[in-house]
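Just below is one structure, and these are the notes that go with it.
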Amino acid sequence: HHLHTVAAQVQQRLEGYLDKKQEAILGPDLSDRRNVVDKILYTPAIQHAINIDSKENSRELAKSRKLARSYLNEIASDYSSATVRFFDRFLTWLWTQLYDGVEVAHFERVRELASDYEIIYVPCHRSHMDYLLLSYVIYKRGLRVPYVAAGENLNIPVLGQILRNGGAFFMRRSFKGNALYSAVFREYVHSMLMRNTPIEY
Numbered sequence: 001h002h003l004h005t006v007a008a009q010v011q012q013r014l015e016g017y018l019d020k021k022q023e024a025i026l027g028p029d030l031s032d033r034r035n036v037v038d039k040i041l042y043t044p045a046i047q048h049a050i051n052i053d054s055k056e057n058s059r060e061l062a063k064s065r066k067l068a069r070s071y072l073n074e075i076a077s078d079y080s081s082a083t084v085r086f087f088d089r090f091l092t093w094l095w096t097q098l099y100d101g102v103e104v105a106h107f108e109r110v111r112e113l114a115s116d117y118e119i120i121y122v123p124c125h126r127s128h129m130d131y132l133l134l135s136y137v138i139y140k141r142g143l144r145v146p147y148v149a150a151g152e153n154l155n156i157p158v159l160g161q162i163l164r165n166g167g168a169f170f171m172r173r174s175f176k177g178n179a180l181y182s183a184v185f186r187e188y189v190h191s192m193l194m195r196n197t198p199i200e201y
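Position one of the sequence shown corresponds to residue 1 (UniProt numbering), numbered consecutively onward.
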């Protein structure tokens with residue numbers, strides 16, 4: 001029993017240490033949501049979109065900027081290593097309940113590509129299991145967990161925050177008639193690709 005306690009403490013310390021190392025390598029922008037929102041808000045593309053929104057809708061510039069920030073907060077992921085580890089444990093348990101095993105093919109090719117390219121994963125979406133399983137397999141094989149595009153219908157109290165912490169970012173079903181929202185969403189995705197962040201749709 002004592003050994004189990006010591007092992008658990010060692011594991012906890014190692015995980016904390018690895019989280020810090022990971023942030024040192026990847027940079028704080030991937031996990032610090034406010035940092036990401038602030039940076040995107042002041043990119044030339046978003047400043048331009050804010051100016052146009054202000055003119056076209058006869059809004060004060062500050063109101064258009066506030067609106068752009070609210071869109072970014074609505075969209076942006078809030079990645080948490082602890083939440084991803086929770087998903088790992090939960091999904092490991094879930095697969096053993098549902099399936100006899102999970103077979104993975106051609107993953108080495110994905111690993112080769114991951115070192116030089118941004119990867120966009122597209123699961124088949126026959127069920128919610130598809131994207132969960134894909135992210136799980138990627139994580140288990142030591143690659144960066146992709147940020148997952150999720151419909152705004154999943155952005156509900158409690159569940160929305162858990163998904164955000166697991167790497168989800170949210171998108172509306174339609175961007176029609178909202179140029180500012182479109183610009184903000186496009187710039188958010190662009191910023192992820194520029195940081196070599198894998199994305200799953």
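We put the CB at the ideal spot given by N, CA and C, even for glycine. These numbers were taken from a predicted model, which means no experiment stands behind them.
Item: Per-residue burial, Phe87 [other beta carbons within 10 Å of its own, 16 or more giving buried]; Value: buried
Item: Exposure label - Leu30; buried when at least 16 CB within 10 Å; Value: With a pLDDT of only 49 at Leu30, under 50, the local geometry of the prediction cannot be trusted, and the value read off the model is given with reservation. The residue in question, Leu30, is buried, as its Cβ has 16 or more Cβ neighbours within 10 Å.
Item: Ile75 (DSSP reduced to helix, strand or coil); Value: helix
Item: Extent of the continuous alpha helix (DSSP H) to which residue 244 belongs; Value: Only positions 1 to 201 of the chain appear in this structure, which leaves residue 244 out of reach.
Item: Rounded straight-line distance, which links the Cα of Ala62 to that of Tyr117; Value: 38 angstroms
Item: Per-residue burial, Phe107 [other beta carbons within 10 Å of its own, 16 or more giving buried]; Value: exposed
Item: Assigned secondary structure, Val148 (DSSP; H/G/I helix, E/B strand, else coil); Value: strand
Item: Pairwise C-alpha distance: Ala183 and Lys176; Value: 12 angstroms
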